[in-house]
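See structure below.
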Amino acid sequence: MSGQRTVIVGNWKMHLTIGETSLYIEQLEKQVKVPSHVEVVLAPTNLALQSASLQLQHHRKFKLAAQNCFWRDFGPYTGEVSAHMLRGLVQYVILGHSERRHVFAEIDKDIRLKVQAAVRNQIKPILCVGETAQERADGDTGFVIHDQVSAGLANITSEEISKVIIAYEPVWSIGTGDSASPSVVSEAMALIRRQVRDLFGKQAAQDIRLLYGGSVDDANAATYLGLPDVDGLLVGGASLKPAVFANIVAAAKPKES
Ligand code: PGA
1129 MSGQRTVIVG NWKMHLTIGE TSLYIEQLEK QVKVPSHVEV VLAPTNLALQ SASLQLQHHR
1189 KFKLAAQNCF WRDFGPYTGE VSAHMLRGLV QYVILGHSER RHVFAEIDKD IRLKVQAAVR
1249 NQIKPILCVG ETAQERADGD TGFVIHDQVS AGLANITSEE ISKVIIAYEP VWSIGTGDSA
1309 SPSVVSEAMA LIRRQVRDLF GKQAAQDIRL LYGGSVDDAN AATYLGLPDV DGLLVGGASL
1369 KPAVFANIVA AAKPKES
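When you line the sequence shown up against this note's numbering, it's residues 1129 to 1385, in that order.
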């Protein structure tokens, strides 16, 4: 466990328009008290980032994340948004999400370059890793996580690793209601922390924040947050309703470091 602040990220995916984002923020502000040991991060559509960032300027209660970015700073890349363009607008960017990997065929090389581009542009990457149901059934979970972590971090130096967050999101648990059991989560977290230690040393392994994501809701959030190796949550579907997301944030109790 990192001893850093617990991070609760709401990944809205392709939901909520600009207007709905503004309304959501207004409602969440009323319903949530963000304690000093918690960081609340919202990841709306790119389109809403500018207006959300202006709306949040008044109180800075929540941080913003992009759901993806491209690794080149600018150039002839139709449809892409670069980390360079997101700089100053968001504090975090979600990278290597399973939907990016599986629906948009992103490969480890893309993700490695994106992680590097985020850090270069002073945005903290939330690197997502996780196995499919088939990979788990084949007994390959450990290898898959290992490969995704080492590929994602391959261009990161030991000075930069403190900027990175890793989210363990088993693909079979995303949007399915089939949340991973605490022992599955603990095992994956231990594996990732061990790997970070091997790559970057003991301090980095202690400090890095590891999130769990996959069918998190307000009924199971406290269980995951109570696991010693879990430093936060990446929440999809259950983050779309301010009242439910507020309950998830409230489940983050201070941890002893
Ligand atoms: P879910 O999504 O909470 O809806 O399972 C999690 C995610 O994709 O980050």
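Just so it is clear, CB atoms sit at the ideal spot from N, CA and C, and this is done for glycine as well. From a predicted model like this one, the values you see are computed outputs, not experimental measurements.
In the structure shown, the three-state DSSP call for residue 1153 is helix. Proximity of the beta carbon of residue 1343 to the ligand PGA is indicated: a heavy atom of the ligand is located closer than 7 Å.
Minimum Cα-Cα distance from residue 1154 among the listed residues 1164, 1334, 1173, 1190 corresponds to 1190.
Counting along the chain, the unbroken alpha helix (DSSP H) around residue 1242 starts and ends at 1236 to 1248.
Ranked by Cα distance from residue 1294, the options 1307, 1311, 1274 are led by 1274. For the pair residue 1136 and residue 1377, the CB atoms are nearer than the 8 Å cut-off. In the three-state DSSP reduction, residue 1205 falls in the coil class, being neither helix nor strand. At a Cβ-Cβ threshold of 8 Å, residue 1181 and residue 1146 do not count as neighbours. Ranked by Cα distance from residue 1158, the options 1197, 1332, 1373, 1383 are led by 1373.
Looking only at 1197, 1382, 1261, 1174, the smallest Cα-Cα distance to residue 1224 is reached by 1197. In this structure residue 1185 is exposed. Its beta-carbon is surrounded by fewer than 16 other beta-carbon atoms within 10 angstroms.
Here the distance from the Cβ of residue 1147 to the nearest heavy atom of the ligand PGA is not below 7 Å. Taken from the Cβ of residue 1302, at least one heavy atom of the ligand PGA lies inside 7 Å.
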